[in-house]
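Here's the structure we're looking at; comments come further down.
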């Protein structure tokens, strides 16, 4: 059985490498035609896809999935339209491949340029939502990367139906179907196998909860795009506009509490805290959001509950916010750099110099001024769809869209030069 | 003992993180002053450094190091001058930090920019040459990264003396000495410990032979800049100028056989092989370079010896070259992509279209036209000193200089925007 999976995965890896050789040098028009055809065929095949999804929904109910998870799993006409539209949107993006990043001449006459090329074969490991199957496949196709998809076991039938449809599209336009492959088994041994296939997979992208991403990162022998937690901070500087601060913090915390860009902790300058906190607590109490702080904060507003040391490092993903009072910008920066997960932080300040200093000193992927950390998103940044948000420091930081799914090569043109 | 090393390494890691917070935002002038002062103090202290090196040389002789390795280990006045000059050269390079890579406005008024920042804490693990201690420290200082250096046990005293001198320079200019730390023990357990310090080290750069780099890559829990073998190919197209081809191939193979950019395998179009091979073999035979090929090649020139399948994947680093005949550019590309280690390849051709096609299709970090693969070097590319040449696909590919030792952050300026 396990030998069987080993062999199966090896075949998938070999096919991916071969398909990559073709896809890497496919021209923009062909890749876009593949995406647009896939979108159309997904619309045409929606009855089959929904039928496959019904099997998954039954499997999920039998497994006792929560209503929230079942909702994430479900495909209907509207969601299938969104999937198709997503592929068309990716087709509209500029091709990230074959872009000249820099070029220069050397004194000996060599002409050197740095040109973008695809990363290679990408392994995507994700949880239940079946739309990730099409999104990830679309982003990889556009960026010239072959992809090996390993979805959640709950979405197995839906993903299979989507990939089958995309294969029809690849066939129609004349691209190898192995550009997009789905691991054809629910067996978890396949994931373990994937993570060791250093000769066939160039990068692993885990997409899902903390449990999944941590396990992948720990076990993978292949470099990964890290997407860990978003313990985001908003810092209210002494110079902040009070109304703006309350409105932005409320949005940063409450717009959607379950996303990685949600603010989990507030840092407030002591001089402005007595004005800000009561106004903010009024709004947060209305929506049953719990605020936690130290005695000094509780003394300002007794709706604040006692905080523990553990709170500072916690990504609540819930209607809870921790509040730290501080004496200075430097103290705020030190607190943020100590407890942040390096995802997104913001400063609210009318003093522009304070904002510049905070952005310079805070060591996170995204640092914002006078706006909501919930904007931390590839789409909101105008980068198109994203395959994840990287909290790692290597290769890509922040939203990972098609422009981050490439590497580069050097092209060097000479005329017989030899090295001394 | 092992607990002791664990604690020692933990302290080093914590100190590096703290120093990084200061160094990351140090201005260009201060970093350059540190480099120039270090160069001067190294010149001033050369008697002490050479005395320390003499201890290493004795240790090396007692250990039975080969004359070649002893030569790599030795420091003399000329080599110390080269080390000092190297630091001054790094000071002259543009600062890679705080460069705006891109900036744009969003329809909602958010102003977004992508700005370079240092990678963080870099761990460099290298073999005997003590000059790497100063080179790596200089490149990291310039790029705002704290560095933890783990040199070969043979160069322990020399490296200690160099780092002590650089600490004096850091003290003089007011930067934390922990910007540059040397692991203060020869115990190999320290390397194992380093490779697991995910909370304190952001990236590992192994610099040395295949044994070292493979072991580091296999054991490291921290992302690494891969620097594996250079199984480089030169392809002679049917349109090649014969004299140019012979001269470039001779240089690519023989200038220095022991470097990763040396050509190890020649691919020759069958139509031109009968003209090229005898001329090339004349030159190679003069310097006792062995050529290996299949029967078809031997039939053209019987100085060619029988090749084995293993030869195609072998990095000889010696006076040996394998020769593959092929029918077409496509066949040559397929052969190269199959056996190459992804480092550097070249095509010799007067047909420019063939060159463009080869460069497009060959999936290596560096692909050259009409020049010697021995030019694969950061200095020759005009990028300044390099810490290695990456054969990995993530983050950096090809020469890794100061511009590759950075990542980026997004700075987002708003005026109270909240997300819908």
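Residue numbers (the working numbering), protein chains in the order written: chain R, 648 to 1067; chain U, 648 to 1067. Beta carbons are placed, not taken as given, at the ideal position from N, Cα and C, and that holds for glycine. Please read these numbers as outputs of a predicted model, since none were measured by experiment.
If you follow the alpha helix (DSSP H) that residue 710(R) is part of, which residue opens it and which one closes it? 693 to 710
Looking only at its chain, what residues have a beta carbon closer than 7 Å to the beta carbon of residue 663(R), apart from the 5 residues adjacent to it on each side? 768, 793, 795, 825, 828 and 847
Endpoints, the alpha helix (DSSP H) within which residue 901(R) is located: 889 to 901
Could one say the Cβ of residue 648(U) lies closer than 9 Å to chain R's Cβ atoms, at least one of them? Annotation note: pLDDT 49 at residue 648(U) (below 50); position unreliable, coordinate value reported separately. So no, residue 648(U) is outside the interface.
Look at the alpha carbon of residue 648(U) and the alpha carbon of residue 773(U), and state the distance between them as a whole number of angstroms. At residue 648(U) the pLDDT is 49, less than 50, meaning the model places this residue with poor confidence; the figure from the coordinates comes in the next sentence. Going by the C-alpha atoms only, they are around 23 Å apart.
Output, in chain order, the set of chain A residues within a Cβ distance shorter than 9 Å of residue 1027(U). Note that chain A does not occur in the displayed structure, where the protein chains are R and U.
Output the boundary residues of the beta strand (DSSP E) element that contains residue 988(U). Careful: residue 988(U) lies outside any beta strand (DSSP E) and carries neither H nor E.
Between 946(U), 1008(U), 865(U) and 1064(U), which has its C-alpha nearest residue 989(U)'s C-alpha? 1008(U)
With a CB to CB cut of under 8 Å and the five nearest residues on each side skipped, what residues in its chain are close to residue 762(U)? 745, 746, 747, 748, 1055, 1056, 1057 and 1058
If we cut at 9 Å on Cβ distances, does residue 1010(U) have a partner in chain R? yes
Over the uninterrupted beta strand (DSSP E) stretch that includes residue 940(R), give me the two end residues. 937 to 940
How close, in whole Å, do the beta carbons of residue 806(R) and residue 777(R) come, if the pair is a contact with beta carbons under 8 Å? 5 Å
Quick check on residue 648(U): does DSSP put it in helix, strand or coil? Its pLDDT being 49, under 50, residue 648(U) is placed unreliably in this model, and the value from its coordinates should be taken loosely. DSSP places residue 648(U) in coil when its eight states are reduced to three.
Residue burial classification, residue 764(R) (beta-carbon count within 10 angstroms, cutoff 16): buried
Use the C-beta contact count for residue 679(R): other C-beta atoms within 10 angstroms, 16 or more gives buried, fewer gives exposed. buried
Suppose the cutoff is 6 Å on Cβ atoms and the five residues either side in sequence are ignored; what does the same chain contact list for residue 936(U) look like? 966
Kindly indicate which three-state DSSP category residue 911(R) falls into: helix, strand or coil? strand
With 16 other Cβ atoms within 10 Å as the buried cut-off, status of residue 693(U): buried
Own chain residues within Cβ distance below 6 Å of residue 770(R), not counting five before or after: 795, 841, 848 and 851
Starting from the Cα of residue 775(R), find the closest Cα among 712(R), 736(R), 785(R) and 834(R) and give me that residue. 712(R)
Give the DSSP-derived three-state secondary structure of residue 977(U) in the structure shown. helix
Considering only the alpha carbon of each residue, which of 1032(R), 1049(R), 1064(R) and 1015(R) lies closest to residue 1060(U)? 1015(R)
Is the separation between the beta-carbon of residue 943(R) and that of residue 972(R) shorter than 9 Å? yes
Using a beta-carbon distance below 9 Å, is residue 739(U) in contact with chain R? no
Return the Cβ separation of residue 734(U) and residue 685(U) in integer angstroms, given the expectation that the two are a contact with Cβ distance under 8 Å. 5 Å
Counting only runs of 3+ residues fully inside the segment 839 to 871 of chain U, write out the beta strand (DSSP E) ranges in chain order. 850 to 854
For residue 1015(U), write down the residues that DSSP places opposite it in a beta bridge. 1059(R) and 993(U)
Determine the chain R residues that contact residue 880(U) at a beta-carbon separation under 9 Å, and present them in chain order. Chain R residues near residue 880(U): none, gap ~14 Å exceeds 9 Å.
Proximity winner among 977(R), 855(R) and 757(R), relative to residue 876(R) (alpha-carbon distances): 855(R)
Helix, strand or coil: how does DSSP classify residue 1053(R) here? strand
Check each residue of the segment 963 to 976 of chain U: if its Cβ is closer than 8 Å to any Cβ of chain R, include it; give the result in chain order. none
Pick helix, strand or coil for residue 963(U), following the three-state DSSP scheme. coil
Nearest to residue 687(U) by CA position, among 819(U), 1042(U) and 799(U), is which residue? 819(U)
How about the segment 884 to 891 of chain U and the segment 913 to 929 of chain U: do they share at least three Cβ pairs that are nearer than 8 Å? yes
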